[in-house]
Each structure stands twice: as structure tokens, then as C-alpha cells.
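Residue numbers (the working numbering), protein chains in the order written: chain G, 50 to 299; chain X, 30 to 129. Backbone N, C-alpha and C define an ideal beta-carbon position, used for all residues, glycine too. Here the structure is a predicted model, which is why all the values come from computation and not from measurement. The structure under discussion appears below in the form of C-alpha cells.
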Amino acid sequence: MNEISSSVDEKEEQDKYTVLLPTYNERENLPIIIWLLVKYFTESNHDWEVIIIDDGSPDGTLDVAKELQEIYGSDRIVLCPREKKLGLGTAYVHGICNATGNFVIIMDADLSHHPKFIPKFIAKQKEGDYDIVTGTRYAGEGGVYGWDLKRKFMSRTANYITQLLLRPGITDLTGSFRLYRKRVFRQLILSCVSKGYVFQMEMMVRARKNNLTIAEVPITFVDRFYGESKLGGDEILGFLKGLAYLFATT
Amino acid sequence: MTKFLEWLACVILFMFIWLCFVLGYINISKSVNHFMIFLPFELISTILIASLVLILYRVATFRDCPEAYNELRLQIGEAKQDLMSKGMTFDVTLNDDDED
């Protein structure tokens with residue numbers, strides 16, 4: 050396995066933050082998330098861009114993205130569409146090619162992750178010059194809106210088993226709201242093979258294995274503003290398989 | 030070493046010592062022997078109960094954040110207004126009301 054080093058990148062005069070936003074049928078949410086990103090990046094005075102990777106959404110998400118590009122400019126809103134749904138890992142690989150920032154932020158486009166936390170991620174990163182800053186729903190002021198007791202129980206149990214088996218050193222392993230140094234991100238995604246949110250777990254586990262520095266920032270997670278997300282048997286099975294894979298190979 | 034191998038190594042070490050007591054290769058005193066022989070079962074049941082208690086505690090103290098939901102709701106309205114003034118059109122089908 051290649052060593053992923055954390056040595057200092059070429060010093061840039063100003064840090065730039067690239068938000069990678071994979072979308073699929075997010076026609077309604079996309080304008081809101083972009084508006085929020087504009088708001089918080091402008092307020093915090095950081096240089097930034099958003100790369101929207103739409104996987105051929107049948108609901109016309111790409112058309113909405115083009116409208117937003119016209120409003121906010123193509124230097125801020127970059128479009129890297131794909132023909133069809135091809136998975137998260139490859140979406141990131143596809144998007145990162147066009148990234149001009151030296152930091153990468155990944156997040157969901159369905160309004161469960163709030164851009165107001167991005168300035169906090171950035172501040173945290175600068176505080177300790179961390180390679181990775183990850184949002185946590187389980188510690189500090191972190192929390193979730195929209196989960197019933199059963200869901201909370203399943204989440205806590207899954208998290209507990211994960212902590213026991215993988216000892217990752219962070220409280221929220223399946224979260225996908227994170228800030229990475231771009232070079233670190235690029236090297237990590239090439240070494241991860243899992244799919245879905247197990248992919249997010251694998252990124253963290255491999256980061257730990259390579260002695261990268263990781264910090265956490267509490268975040269609030271609003272689960273599916275327009276309805277409750279389901280956690281079915283398939284997702285649970287997929288999670289257990291992914292956990293077993295990571296347990297056995299890392 | 031993978032996590033699996035770490036666990037395996039610990040389990041094998043523990044099992045080895047435990048078997049020595051069970052088969053009589055180590056003999057300290059009646060009470061110590063007795064303690065060691067039943068240790069795995071007590072350990073496992075203690076760990077299971079403690080884990081359950083911990084998980085239930087964490088579920089009970091899981092932070093709900095209705096303020097985040099309310100803030101988002103307000104901001105969605107704000108965003109739509111601002112974007113419409115900039116020329117965006119929105120479908121009227123979805124509104125901000127809860128489905129619950």
C-alpha cells in the first residue's frame with residue numbers, strides 16, 4: 050500500500066475550497082444548497098467553488114444547475130455531469146479532476162448537511178493544520194432531526210459495533226460531511242474500494258492507517274427535510290458486510 | 030496487523046490460558062481455578078449487558094435539533110425569494126409543510 054504522506058503542499062497565497070456535490074434528482078434542493086453555500090462562503094470571505102456532478106438526473110437537476118451557473122457565474126458553479134448513476138466514489142474522482150481549490154469539501158445535496166458548518170470546518174482545520182476535518186452527529190453540540198427512537202437505536206448500535214471493531218478514533222464514521230486536503234483526498238479515493246456510506250467509513254479507516262491527522266466538528270443533521278429516509282434490510286446488510294470487510298483487511 | 034488479527038491474537042492468548050486452567054495444567058488454588066474457569070462466560074455476559082446499557086444511554090441522550098429544522102425552513106423561504114428575484118423559477122408542487 051502506498052504511503053500517503055502529509056507533508057506540506059506547495060504554499061498557496063490564498064486557500065481555496067472546492068465543494069464536491071454529487072446530485073441525483075435534487076431539482077428542488079439544489080438551488081437552496083447553492084444559495085446557502087454562496088451565503089456562508091461570502092460571509093466568511095473564503096475563496097471557493099462548487100463542482101456539481103449530476104448523474105443524468107431524470108428530473109432535470111442539470112437544467113437547474115445551469116440556471117444557477119448563470120446567476121452566480123461559472124467560476125463559482127462548475128458543472129461536471131455524467132450520463133447515468135455511477136456511484137459516489139467515481140463521482141468524486143470525476144469531479145476532483147476539475148477542482149482548482151487546495152481543499153475539498155464533500156457533502157450531501159439533500160439539505161441534511163448545512164453549509165453554515167463549513168466556516169467551522171475551515172477554522173478547525175487551520176487550528177491544528179489537520180489533513181481532514183469531519184462532521185460528527187454524535188458528539189458535543191452535534192445532533193439529528195427527524196429520527197425516531199428505533200432509528201436512533203440502530204444508529205447507536207451500529208456506531209458502537211464499529212467503534213469496538215475498528216477503533217477509528219473518531220465518533221462518527223459513516224458521516225459524509227467532511228473537509229479534506231485535496232492531495233490527501235485524491236490519494237484516499239484511489240485506495241478505497243467500497244460503495245455507498247461504507248466508502249465513507251473506508252476513507253476514514255485508511256486515513257487513520259496512514260497516520261493522517263483528523264479533527265471533528267459537531268454538526269446538526271436534518272434527515273430528509275421533505276420526508277423520512279428509510280433504513281431497510283439491504284442497507285443494514287450492506288453495512289455489516291462493509292464492516293466485516295474493513296475489519297478483516299485494515 | 031489488521032484489526033481482525035489483533036482480536037484473534039488476543040482471543041487465542043486468552044483461550045490458551047483459560048484451557049490451561051480447565052485442563053488442570055495450571056493449578057493455583059480452588060477458588061482461583063473456579064474463578065478462571067467461569068471467567069469467559071461472566072466476561073461475555075457482563076460485556077453484553079454493559080454494552081446494552083451504554084447504547085440505551087446514548088439513545089436517551091441523543092440530541093434532537095428542532096432548531097436546525099426550523100432555521101432551515103426559514104432559510105428555504107429566504108432562498109426561494111432571493112432566487113426568484115434573480116430569475117429562477119420554482120415548481121409549486123412542493124411546499125414547506127411537514128408531512129407528519
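No Cβ-Cβ contact shorter than 9 Å links Leu215(G) with Val266(G). Within chain G, not a single residue places a beta-carbon under 9 Å from that of Met65(X); the smallest gap is close to 24 Å. In chain G, no part has a C-beta under 9 Å from the C-beta of Tyr54(X); the shortest such distance is about 31 Å.
Phe152(G) sits in a strand when the DSSP states are folded into three classes.
In the structure shown, the three-state DSSP call for Ile66(X) is helix.
Ile120(G) is not a Cβ neighbour of Glu98(G), given a cutoff of 9 Å. For Gly195(G), a Cβ of chain X is located within less than 9 Å of the residue's own Cβ.
Per DSSP, the unbroken beta strand (DSSP E) holding Glu265(G) starts and ends at 263-267. A Cβ-Cβ contact shorter than 9 Å links Arg227(G) with Ile181(G).
Against chain G, the CB of Ala38(X) has no partner CB under 9 Å away; the residue lies outside that interface. Listed in chain order, the alpha helix (DSSP H) runs fully inside the region 90-149 of chain G are 110-121, 137-145, counting runs of at least 4 residues.
In the structure shown, Asp283(G) falls within a helical segment according to DSSP collapsed to helix, strand and coil. By the 16-neighbour rule on beta-carbons within 10 angstroms, Phe234(G) is buried. Contact holds between the region 92-110 of chain X and the region 188-200 of chain G, because three or more Cβ pairs, one in each stretch, are under 8 Å apart.
Here Leu228(G) is bridged, per DSSP, to Ile154(G), Val182(G). Any Cβ of chain X closer than 9 Å to the Cβ of Leu215(G) would place that residue at the interface, and such an atom is present. Assignment of Gly192(G) by DSSP, reduced to helix, strand and coil, places it in the strand class. Look at Leu101(X) here: in three-state DSSP terms it is helix. Collapsing the DSSP output to three states places Phe248(G) in a helix. In this structure, the CA atom of Asp108(G) is about 8 Å from the CA atom of Glu75(G). Its chain contains no residue whose beta carbon lies nearer than 7 Å to that of Met117(X) once the 5 sequence neighbours on both sides are disregarded. Within the region 96-110 of chain G, no residue places its CB atom closer than 9 Å to a CB of chain X. By the 16-neighbour rule on beta-carbons within 10 angstroms, Gln236(G) is buried.
Per DSSP, reduced to three states, the secondary structure at Lys165(G) is helical. For Lys115(X), no beta strand (DSSP E) encloses it, and the DSSP letter there is neither H nor E. Taking 9 Å as the cut-off, the beta carbon of Ile84(X) is found closer than this to the beta carbon of Thr206(G).
At the C-beta level, Leu160(G) and Val271(G) come within 9 Å of one another.
Burial of Gln174(G) is indicated by the presence of at least 16 other C-beta atoms within 10 angstroms of its C-beta. Measuring C-alpha to C-alpha distances from Tyr73(G) to each of His162(G), Ser106(G), Ala297(G), Thr185(G) identifies Ser106(G) as the nearest. Burial of Phe90(G) is indicated by the presence of at least 16 other C-beta atoms within 10 angstroms of its C-beta. Interface with chain X (9 Å Cβ-Cβ cutoff): Leu160(G) is included. Comparing alpha carbon positions, the residue from Glu176(G), Asp64(G), Ile83(G) closest to Asn94(G) is Asp64(G). 9 Å or more divides the Cβ of Asn78(G) from the Cβ of Ala148(G).
The beta carbon of Ile46(X) sits no closer than 9 Å to any beta carbon of chain G. Proximity of Thr139(G) to chain X, defined by a Cβ-Cβ separation below 9 Å, is not satisfied.
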